[in-house]
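Scroll down for the structure; my scribbles are underneath it.
Residue numbers (the numbering used here), protein chains in the order written: chain V, 707 to 1016; chain P, 13 to 105.
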């Protein structure tokens, strides 16, 4: 086990236990800046943790970042670990980022689907869904990104428990989803919701369940364009951007459609590297460059959120 | 632990809506145990699918019979997984 977040190895993949240990190290090293919240327990009873980065105030406007809702997308949890360390390193050092954290809080959920993630290490590396049991079916799990109450059950998800995009019996049926929904509703002042997936190199905004454009489409498109340009400036990684339904396909019950409908204007989904060489099996050597370039895009969106209060 | 020896990931290029529909029908054939990494969407949008060893021949014959172009994106999934595990163990040690 790493003895500090400075000796922690960021360019390798880690188990659930190692990531949870990392969180405790980070909190212990930065007690004034970082705290660990438990927002619930997974279906199999694992704690669901969110790291809170705050420089004071009460219920400040906040930015939410989650990784790992689809457990096999290992590059996302690994990037989330790197983001957490980056935040503690840059606060007080980088002027633009310091301004963000002096005025807003950041909530980072690194392992959004702990049961699925543990299962990718123990039994099936390519497991995507939760590990909940569905009565009447021998198939396991729900696609947690089809389980949100936004176009739930519409075209763009499957009603078959055996499908990788099974939406579940009802909206928020998955405790991993309900925990986030309750947290967002209780907090009530989240201004940006950024959910990180892989792969395909895309930056997406609502909607996925309907073709209607979001009322803030022009602004979201502009922010996405700037964010993608910032990302690409580091290593030349090319991203496409646009709404989910026009850029990929119809997907119902997705998280950012729900958050946007709750009034969280800056709702985006990232699809990280790559475009189809390794897919979900992205080599660990690409963890740090992927996290570094993604961070530039996150900064762009966070700065825009700070500078455009609503 | 699930074994993926011989599993391949195919990248399928669909030229028109009819081909998208044809590949979508494959998705419903549960006995093939296909795992779509990138699902069928629209012409020009690549489809990536992991195919178990036992289904590879049937899937390739099916695609060729329908004139649907594909290439092998990952030759053997298990060998990549083995590399990943070795890398993790090496870094832990």
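All C-beta atoms in this analysis are idealised placements derived from N, C-alpha and C, irrespective of residue type, glycine included.
Compute the distance between the beta-carbons of residue 779 of chain V and residue 904 of chain V, then report whether it is under 9 Å.
For the purposes of this step, residue 779 of chain V is identified with residue 73 of the first chain, where counting begins at 1. For the purposes of this step, residue 904 of chain V is identified with residue 198 of the first chain, where counting begins at 1. Taking 9 Å as the Cβ cut-off, residue 779 of chain V and residue 904 of chain V qualify as a contacting pair.
I want to see whether chain V comes within less than 9 Å of residue 53 of chain P, judged by CB atoms only; does it?
Working through the second chain from its first residue, we reach residue 53 of chain P at position 41. So, interface residue.
Going by the CB atoms, is the gap between residue 968 of chain V and residue 886 of chain V shorter than 9 Å?
The sequence position of residue 886 of chain V within the first chain is 180, counting from 1. The sequence position of residue 968 of chain V within the first chain is 262, counting from 1. Their beta carbons are not under 9 Å apart, which means residue 886 of chain V does not touch residue 968 of chain V by this criterion.
Identify, in the order they occur along the chain, each residue of the same chain with its Cβ nearer than 6 Å to the Cβ of residue 721 of chain V, setting aside the five sequence neighbours on each side.
Position 15 of the first chain holds residue 721 of chain V. Within its own chain, the residues whose Cβ lies closer than 6 Å to the Cβ of residue 721 of chain V, once the five positions on either side in sequence are excluded, are 827, listed in chain order.
Considering residue 15 of chain P, what are the terminal residues of the beta strand (DSSP E) in which it resides?
In the second chain, the residue the question calls residue 15 of chain P occupies position 3. Careful: residue 15 of chain P lies outside any beta strand (DSSP E) and carries neither H nor E.
When you compare the CB positions of residue 898 of chain V and residue 1011 of chain V, do they come within less than 9 Å of one another, or not?
Within the first chain, residue 898 of chain V is the residue found at index 192, counting from 1. Within the first chain, residue 1011 of chain V is the residue found at index 305, counting from 1. Going by C-beta atoms, residue 898 of chain V is nearer than 9 Å to residue 1011 of chain V.
8 Å contact criterion, which residue 730 of chain V and residue 707 of chain V should meet: CB distance rounded:
Here residue 730 of chain V refers to the residue found at position 24 of the first chain. Here residue 707 of chain V refers to the residue found at position 1 of the first chain. The beta-carbon distance between residue 730 of chain V and residue 707 of chain V, rounded to whole angstroms, is 10 Å. This is too long to meet the 8 Å contact definition.
Where the beta strand (DSSP E) through residue 85 of chain P begins and ends
On the second chain, position 73 is the one that residue 85 of chain P refers to. Note, residue 85 of chain P: beta strand (DSSP E), 81–86.
Residue 906 of chain V at chain P interface by Cβ criterion, 9 Å:
Here residue 906 of chain V is taken as the residue at index 200 of the first chain, counted from 1. For residue 906 of chain V, a Cβ of chain P is located within less than 9 Å of the residue's own Cβ.
Quick one: complete beta strand (DSSP E) runs, 3+ long, within the region 926–978 of chain V?
Listed in chain order, they are 946–949, 972–978.
With 9 Å as the threshold, decide whether the Cβ of residue 86 of chain P is near any Cβ in chain V.
Here residue 86 of chain P corresponds to residue number 74 of the second chain, with the count starting at 1. At least one C-beta of chain V is nearer than 9 Å to the C-beta of residue 86 of chain P.
What residue from P/105, P/75, P/65, P/103 has the CA that sits closest to residue 17 of chain P's CA?
Position 5 of the second chain, counted from the first residue, corresponds to residue 17 of chain P. The residue with the shortest Cα to Cα distance from residue 17 of chain P is P/65.
What residues from the region 818–852 of chain V come within 8 Å of chain B, judged by C-beta to C-beta, listed N to C?
Among the protein chains in the structure shown, which are V and P, there is no chain B.
Work out the CA separation of residue 57 of chain P and residue 22 of chain P for me, nearest whole Å.
For the purposes of this step, residue 22 of chain P is taken as residue 10 along the second chain, with counting starting at 1. For the purposes of this step, residue 57 of chain P is taken as residue 45 along the second chain, with counting starting at 1. If I take the Cα positions, the gap works out to 14 Å.
State yes or no: is the beta carbon of residue 67 of chain P nearer than 9 Å to at least one beta carbon in chain V?
Taking the first residue of the second chain as position 1, residue 67 of chain P is located at position 55. The beta carbon of residue 67 of chain P sits no closer than 9 Å to any beta carbon of chain V.
Looking at the secondary structure, which residues open and close the beta strand (DSSP E) in which residue 758 of chain V lies?
Position 52 of the first chain, counted from the start, is the residue given in the question as residue 758 of chain V. Residue 758 of chain V -> beta strand (DSSP E) spans 753–759.
Starting from the N-terminal side, write out each stretch of the alpha helix (DSSP H) that is 4 residues or longer and does not extend beyond the region 803–866 of chain V.
If we require 4 residues or more, the alpha helix (DSSP H) runs fully inside the region 803–866 of chain V come out as 820–828.
Counting only Cβ pairs nearer than 8 Å, list the residues of chain V close to residue 60 of chain P.
On the second chain, position 48 is the one that residue 60 of chain P refers to. Neighbours of residue 60 of chain P on chain V, chain order: 982, 985.
Given a limit of 7 Å on CB to CB distance, which residues of the region 862–882 of chain V reach chain P?
Cβ contacts with chain P come from 868, 870.
Taking the alpha-carbon of residue 1003 of chain V as reference, which of V/873, V/753, V/901 has the nearest alpha-carbon?
Locating residue 1003 of chain V in the first chain gives position 297, counting from the first residue. Looking at V/873, V/753, V/901, the one whose alpha-carbon comes closest to that of residue 1003 of chain V is V/901.
Since residue 954 of chain V and residue 908 of chain V are thought to touch, with beta carbons under 8 Å apart, how far apart are those beta carbons, to the nearest angstrom?
As a position in the first chain, residue 954 of chain V is number 248, starting the count at 1. As a position in the first chain, residue 908 of chain V is number 202, starting the count at 1. Right, their Cβ atoms sit about 7 Å apart.
On the three-pair Cβ rule with 8 Å, is the region 991–1003 of chain V touching the region 910–917 of chain V?
No, the region 991–1003 of chain V is not in contact with the region 910–917 of chain V.
Buried/exposed call for residue 95 of chain P, threshold 16 Cβ in 10 Å
Counted from its first residue, the second chain places residue 95 of chain P at position 83. Counting the other Cβ atoms within 10 Å of the Cβ of residue 95 of chain P gives fewer than 16, which makes it exposed.
For the structure I just gave you, are there three or more beta carbon pairs, one from the region 752–767 of chain V and one from the region 809–828 of chain V, closer than 8 Å?
Taking a cut-off of 8 Å for Cβ pairs, the region 752–767 of chain V and the region 809–828 of chain V touch, as three or more such pairs fall below it.
Based on DSSP bridge pairs, tell me the residues matched to residue 898 of chain V.
Residue numbering aside, residue 898 of chain V sits at position 192 when the first chain is read from its first letter. According to DSSP, which records beta bridges pairwise, residue 898 of chain V is partnered with V/769, V/972.
Candidates V/956, V/762, V/748, V/906: which alpha carbon is nearest residue 804 of chain V's?
As a position in the first chain, residue 804 of chain V is number 98, starting the count at 1. Checking every option, the nearest Cα to that of residue 804 of chain V belongs to V/762.
Scan the region 29–53 of chain P and note each continuous beta strand (DSSP E) run of 3 residues or more that stays entirely inside, going in chain order.
Counting only runs of 3 or more, we get 47–50.
Which term fits residue 949 of chain V, buried or exposed, when burial requires 16 or more other beta carbons within 10 angstroms of its beta carbon?
One-based indexing of the first chain puts residue 949 of chain V at position 243. When all chains shown are included, residue 949 of chain V counts as buried.
9 Å is my cut-off, CB to CB: does residue 47 of chain P come that close to chain V?
Indexing the second chain from 1 puts residue 47 of chain P at position 35. Closer than 9 Å: yes.
So is residue 103 of chain P in contact with chain V if we call contact Cβ pairs under 9 Å?
Along the second chain, read from residue 1 onward, the residue named residue 103 of chain P stands at position 91. Residue-level contact by beta carbon holds for residue 103 of chain P and chain V, with a gap shorter than 9 Å.
Cβ shell of residue 84 of chain P (< 7 Å), same chain only, five flanking positions each side left out
What you label residue 84 of chain P is simply residue 72 of the second chain in a count that begins at 1. Cβ neighbours of residue 84 of chain P beyond the five flanking positions: 20, 22.
Contact list for residue 99 of chain P against chain V, beta-carbon separation under 9 Å
Residue mapping note: residue 99 of chain P aligns to position 87 of the second chain, counting from 1. Result: 718, 719, 989, 990, 991.
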